[in-house]
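This report concerns only the one structure given below.
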Amino acid sequence: LSSAYFIAMSTKFACSFVFLLPSLFLAGCADASAMLPEPCAHPDASIHSDDPEVEVYFGCGCFWHVQHEFVVEEMTKLCRTGSDLTARTAYAGGTHTQGGLVCYHNSMGKADYGQLGHSEVVSMNVPVSAFGSFAKKFWELCPKGVRRDVQDVGGEYRSVVGLPGGIHSSLMPELHAAATAKVLEGKGNDADTLGTDAVLVYDTTQFPAHVAEKYHQFHDDMLDQYGGAYHALRQFADKTQCPGDQSWPFFIS
59 LSSAYFIAMS TKFACSFVFL LPSLFLAGCA DASAMLPEPC AHPDASIHSD DPEVEVYFGC
119 GCFWHVQHEF VVEEMTKLCR TGSDLTARTA YAGGTHTQGG LVCYHNSMGK ADYGQLGHSE
179 VVSMNVPVSA FGSFAKKFWE LCPKGVRRDV QDVGGEYRSV VGLPGGIHSS LMPELHAAAT
239 AKVLEGKGND ADTLGTDAVL VYDTTQFPAH VAEKYHQFHD DMLDQYGGAY HALRQFADKT
299 QCPGDQSWPF FIS
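Just so you know, the sequence shown maps onto residues 59 to 311 in the working numbering.
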C-alpha cells in the first residue's frame, strides 16, 4: 500500500474521532435550528402503499451528510420516523470481506473497508414507486457525480448507486431521468470517480451493502450539526462486530 493511502486513512480516522465526540457528548450544544422535519401525514399519491420494497444504496463522498439527507427524504416522502427509518451508513462495492465483516479503518487493520475495495454508501429500503424521488435526491447531492467533500480522496469516496440487477435493473430509467453524469457499470474494487464525470452502478446481489458501525450512524457531518433529535435515532441502530463498536461501547450504547 502506498504512503498516500496511509496518510489519507490516518487523516480520515482522526476526523472521525474528533467529530464523533461532539455528536455524542455535545449534542445539546448543537445549533437549535438543526431540527428534523415533521414526517408527512400521507405519502405522495404517486407512491403506492402496496408496492414491494427494494433495497438500494447511494454513495457520494463521506456518508455522514448523505445519510442525513436520505433520512429527511424518508420522513418527508414516506412519512417514516423512529424505528421505521431504514437509511444506514454502510460499505459496498468491494469484492472481499473478512469473514463476512467490513469495517471502518482501525488500528487492528481488521476488515478495513478501504483495503477490501469498498466505498462509503447509505443503504435503504424504499417502495419501487418511490425510487424516482430518491434517485432525484441523489443527483441533487451528487451533481455531475461530484461529491461536496473533495478533500476526501480515494476509492472509498467514489460516487456509486446500488440496484438489484445493477446496470440492467428495471429501476435504471428512474436513475437516468435526473442524471447529470455518465452512469457506468461498477466492476468492484473500483478507483475514485472524482474528475471522471461518472457514477458507478453496482448489482446489490453481487455487491451488497455492509452496514457500518453504530457510532457512524446518525452522525454530524464535518461541516454540519444536525441536532439532538437526529443523534437520538442512533438508538435504533445495531452494533456491529467491528473494532470500533466493540472497543468503544461507552460511546455507542
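By construction, the Cβ of each residue, glycine as well, lies at the ideal position given by its N, Cα and C atoms.
Is residue i helix, strand or coil by DSSP?
i	result
Lys272	helix
Gly86	Confidence at Gly86 is low in this model, with a pLDDT of 38, below 50, so its placement is unreliable and the value that follows should be read with caution. Helix at Gly86.
Met182	strand
Val124	helix
Val129	helix
Lys202	helix
Lys240	strand
Leu221	strand
Gly246	coil
Glu96	coil
Gly212	coil
Gly302	helix
Gly190	helix
Note down the Cα distance separating residue i from residue j, rounded to an integer number of angstroms.
i	j	result
Ile225	Pro266	14 Å
Phe196	Tyr162	23 Å
Arg206	Ala99	32 Å
Glu214	His154	14 Å
Val124	Leu199	7 Å
Asn164	Asp102	42 Å
Thr263	Gly223	7 Å
Glu271	Gly158	14 Å
Pro301	Leu291	22 Å
Gly210	Arg216	Position check: residue 210 holds Asp in this sequence, whereas Gly was assumed. Using only the alpha carbons, I get a separation of about 10 Å.
Lys194	Val184	14 Å
Gly285	Tyr115	24 Å
Thr298	Gln156	13 Å
Asn247	Val208	20 Å
Asp142	Tyr273	19 Å
Leu233	Tyr288	28 Å
Phe276	Glu127	11 Å
Val218	Cys118	7 Å
Asp303	Asp296	10 Å
Val129	Thr144	8 Å
Lys245	Glu131	29 Å
Met166	Leu252	29 Å
Pro95	Met133	7 Å
Met182	Phe294	14 Å
Val269	Ala235	28 Å
Asp255	Phe121	20 Å
Leu174	Pro201	27 Å
Residue i: beta carbon under 6 Å from a heavy atom of the ligand MG?
i	result
Phe121	This structure lacks the ligand MG; in fact it carries no ligand of any kind.
Am I right that residue i and residue j are in contact with their C-beta atoms under 8 Å? What's the rounded C-beta distance?
i	j	result
Leu242	Leu229	That pair is no contact at about 16 Å.
Val112	Phe189	7 Å
Gly203	Asp250	Rounded, the Cβ-Cβ distance is 11 Å, inconsistent with contact.
Ser383	Ser187	There is no way to answer for residue 383, as the model of the chain reaches only from 59 to 311.
* Just list the beta strand (DSSP E) runs in the segment 137 to 176, keeping only unbroken ones of 3 residues or longer that don't cross its boundaries, in chain order. => Within the segment 137 to 176, the complete beta strand (DSSP E) segments of 3 residues or longer fall at 146 to 150, listed in chain order.
* Check whether the segment 103 to 110 touches the segment 259 to 278, taking contact to mean three or more Cβ pairs, one atom from each stretch, closer than 8 Å. => Remark: fewer than three beta-carbon pairs, one from each stretch, lie closer than 8 Å, so the segment 103 to 110 and the segment 259 to 278 are not flagged as touching.
* Please list the segments of the beta strand (DSSP E) lying wholly inside the segment 251 to 300, counting only runs of 3 or more residues, in order along the chain. => If you keep only unbroken beta strand (DSSP E) runs of at least 3 residues inside the segment 251 to 300, you get 256 to 261.
* Between the segment 135 to 143 and the segment 158 to 175, do three or more beta carbon pairs fall short of 8 Å? -> Touching, no, given that fewer than three Cβ pairs across the two stretches are closer than 8 Å.
* Three or more beta-carbon pairs under 8 Å between the segment 268 to 281 and the segment 233 to 250, yes or no? -> Fewer than three Cβ pairs drawn from the segment 268 to 281 and the segment 233 to 250 lie within less than 8 Å of each other, which leaves the two stretches out of contact.
* Count the C-beta pairs between the segment 141 to 155 and the segment 176 to 185 that are closer than 8 Å, then say yes if the count reaches three, no if not. => Yes: at least three Cβ pairs fall under 8 Å.
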